[in-house]
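The listed protein sequences derive, respectively, from chains Y and Z.
When you read off a place in the first sequence, starting at 1, and then add 13, the result is the number in the working numbering.
When you read off a place in the second sequence, starting at 1, and then add 13, the result is the number in the working numbering.
Beta carbons: idealized from backbone N, C-alpha and C, even for Gly.
Just so you know, these numbers come straight off a predicted model, no measurement behind them.
There are 2 protein chains.
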Amino acid sequence: MPFPQTEIPGRLQAELAARGIRMTEQRRAILKVIETAKKHLAAGQILRKAQRLNAAVDRSTVYRTLELLKRHRMVDELDLMHMDGDGHYYERKLARDHIHMACLRCGKITEFMSEIFDSLKQQLERDCRFSIVVARLEVGGYCSECRH
Amino acid sequence: MPFPQTEIPGRLQAELAARGIRMTEQRRAILKVIETAKKHLAAGQILRKAQRLNAAVDRSTVYRTLELLKRHRMVDELDLMHMDGDGHYYERKLARDHIHMACLRCGKITEFMSEIFDSLKQQLERDCRFSIVVARLEVGGYCSECRH
DNA sequence: ATTCTAGTTGCGAATCAGTCGCAACTTCAG
DNA sequence: CTGAAGTTGCGACTGATTCGCAACTAGAAT
Ligand SMILES: [Mn+2]
Ligand SMILES: [Mn+2]
Ligand SMILES: [Zn+2]
Ligand SMILES: [Zn+2]
Numbered sequence: 014m015p016f017p018q019t020e021i022p023g024r025l026q027a028e029l030a031a032r033g034i035r036m037t038e039q040r041r042a043i044l045k046v047i048e049t050a051k052k053h054l055a056a057g058q059i060l061r062k063a064q065r066l067n068a069a070v071d072r073s074t075v076y077r078t079l080e081l082l083k084r085h086r087m088v089d090e091l092d093l094m095h096m097d098g099d100g101h102y103y104e105r106k107l108a109r110d111h112i113h114m115a116c117l118r119c120g121k122i123t124e125f126m127s128e129i130f131d132s133l134k135q136q137l138e139r140d141c142r143f144s145i146v147v148a149r150l151e152v153g154g155y156c157s158e159c160r161h
Numbered sequence: 014m015p016f017p018q019t020e021i022p023g024r025l026q027a028e029l030a031a032r033g034i035r036m037t038e039q040r041r042a043i044l045k046v047i048e049t050a051k052k053h054l055a056a057g058q059i060l061r062k063a064q065r066l067n068a069a070v071d072r073s074t075v076y077r078t079l080e081l082l083k084r085h086r087m088v089d090e091l092d093l094m095h096m097d098g099d100g101h102y103y104e105r106k107l108a109r110d111h112i113h114m115a116c117l118r119c120g121k122i123t124e125f126m127s128e129i130f131d132s133l134k135q136q137l138e139r140d141c142r143f144s145i146v147v148a149r150l151e152v153g154g155y156c157s158e159c160r161h
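Here you go:
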């Protein structure tokens, strides 16, 4: 079962710099939160964690920064089947896409990388002549411990 | 390029009846809208269309009915990469799942069925011992006419 | 180091989809 | 035809996200 690996810390900041984007204390805090996250975070969670690093960080800044990171393809936005309220989740975009499976009973999120998934994306590019920017496969169901 | 086919009209109503669920004028209107939809509809659009069939239909009733239909796996809820504001889209769930590709330039939604997609789901069930209830593959990018 | 400006921020108000409680109404089994 | 359970409309409410704007930097140019 291939799992996605974690990233080199400080990478996000470097990537933004490389693209000539201004660095601020607020952004540094938000980027750090996203990079060191152990799980998928909702905007509100990112805000609270970022404020622990820099109390000045404001809600709007979090949303604006997430927008920036999405635009630059540095984070992915996820639904995770709305495991909790509305609102989306965010995670650092890694080199290789992965699949998210959300257990409808215990809420656990399982991540999975698959060559079949990669081929599927190739098929879409080829057969549909569609140029993929972002591909999101989200599955709801029951994890190994919860299905009976 | 295999495309998803449309459904027999009146089918949704029959299916709900078969499950012993009460039929009301409001539900009839909403079901008809969903069944005859030519594209993926947001809740607000479903409301407006249903009100044309029965002026009494209320917003809450639309949401409650969508919830009912989701619970019974008779509609699928989609994101379509937030092509327009927040809010989700709904469509009649057909026998076989399909993939949605949203063009980030012209907004066109392309639907596609794939055996590779079917195998991928099988892989998840097998390799991750995950029991799939709903699987959503949504792709954002550029359609054949918009990519340059 | 100082200056300057475009880019960024905090704030508070606004938006807007979706939810909820409740009393009135309807469905449909008996 | 009746009654209980299920459904509805309404209006108030929530909670995530957005926005306008004046004050505030970052960092390029001097
Ligand atoms: Mn969503
Ligand atoms: Mn579809
Ligand atoms: Zn589980
Ligand atoms: Zn297009």
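- Ligand 2 has a heavy atom closer than 7 Å to the beta-carbon of His53 (chain Z).
- The C-beta of Met36 (chain Z) has fewer than 16 other C-beta atoms within 10 Å across all chains shown, which makes the residue exposed.
- Within the stretch 43-93 of chain Z, the complete alpha helix (DSSP H) runs of at least 4 residues fall at 56-66, 72-84.
- Neighbours of Tyr155 (chain Z) in chain Y, taken as residues at a C-beta separation under 8 Å, are given in chain order as Phe143, Ser144, Val146.
- DSSP lists Y:Phe125 as the beta-bridge partner residues of Ile112 (chain Y).
- DSSP places Arg149 (chain Y) in the uninterrupted beta strand (DSSP E) bounded by 144-155.
- Counted as a single uninterrupted DSSP element, the stretch harbouring Arg105 (chain Z) is not any alpha helix (DSSP H) but the beta strand (DSSP E) occupying residues 102-105.
- Chain Z places a beta carbon closer than 8 Å to that of Thr123 (chain Y), counting this residue as a contact.
- For the 8 Å CB-CB criterion, Arg41 (chain Y) and Gln26 (chain Y) form a contact.
- Here DSSP, grouped into helix, strand and coil, assigns His95 (chain Y) to helix.
- At a cut-off of 8 Å between C-beta atoms, Glu151 (chain Y) counts as an interface residue with respect to chain Z.
- Scanning Y:Ile129, Y:Asp110, Y:His111, Y:Glu151 for the CA closest to the CA of Leu117 (chain Y) turns up Y:Glu151.
- DSSP places Leu117 (chain Z) in the coil class of the three-state scheme, outside both helix and strand.
- Taking a C-beta cut-off of 7 Å against chain Y, the contacting residues of the stretch 114-138 of chain Z are Met114, Leu117, Thr123, Phe125, Ser127, Ile129, Phe130, Ser132, Leu133, Gln136, Leu137, listed in chain order.
- Among the residues facing chain Y, Asp97 (chain Z) is not included, as its CB has no counterpart in that chain under 8 Å away.
- Arg40 (chain Y) carries a helical assignment under DSSP once its states are collapsed to helix, strand and coil.
- With a cutoff of 7 Å, Glu124 (chain Z) does not count as near ligand 4, since its C-beta is closer than that to no heavy atom of the ligand.
- Glu28 (chain Y) sits in a helix when the DSSP states are folded into three classes.
- Excluding five sequence positions before and after Ala55 (chain Y), the CB atoms of its chain that fall closer than 6 Å to its own CB belong to Gly100, Tyr102, given in chain order.
- Look at Tyr76 (chain Z): its beta carbon is at least 7 Å from all of the heavy atoms in ligand 4.
- Judged by the Cβ position, Glu38 (chain Z) fails to qualify as a neighbour of ligand 2 at the 7 Å threshold, every heavy atom of the ligand being at least this far.
- Assigned with DSSP and collapsed to three states, Glu138 (chain Z) falls in helix.
- A straight line joining the alpha-carbon of Thr123 (chain Z) with that of Met114 (chain Z) spans about 5 Å.
- Within chain Z, no C-beta atom comes less than 8 Å from the C-beta of Arg41 (chain Y); the nearest is roughly 27 Å away.
- Arg84 (chain Y) and Glu38 (chain Y) have their C-alpha atoms some 20 Å from each other.
- Contact between the stretch 85-99 of chain Y and the stretch 67-77 of chain Y is not established, with fewer than three Cβ pairs separated by less than 8 Å.
- Looking at Y:Arg65, Y:Arg139, Y:Glu128, Y:Asp97, the one whose alpha-carbon comes closest to that of Lys134 (chain Z) is Y:Glu128.
- Taking a contact as a CB-CB distance under 8 Å, the pair Arg77 (chain Z) and Ser144 (chain Y) does not count as one, their CB atoms being some 40 Å apart.
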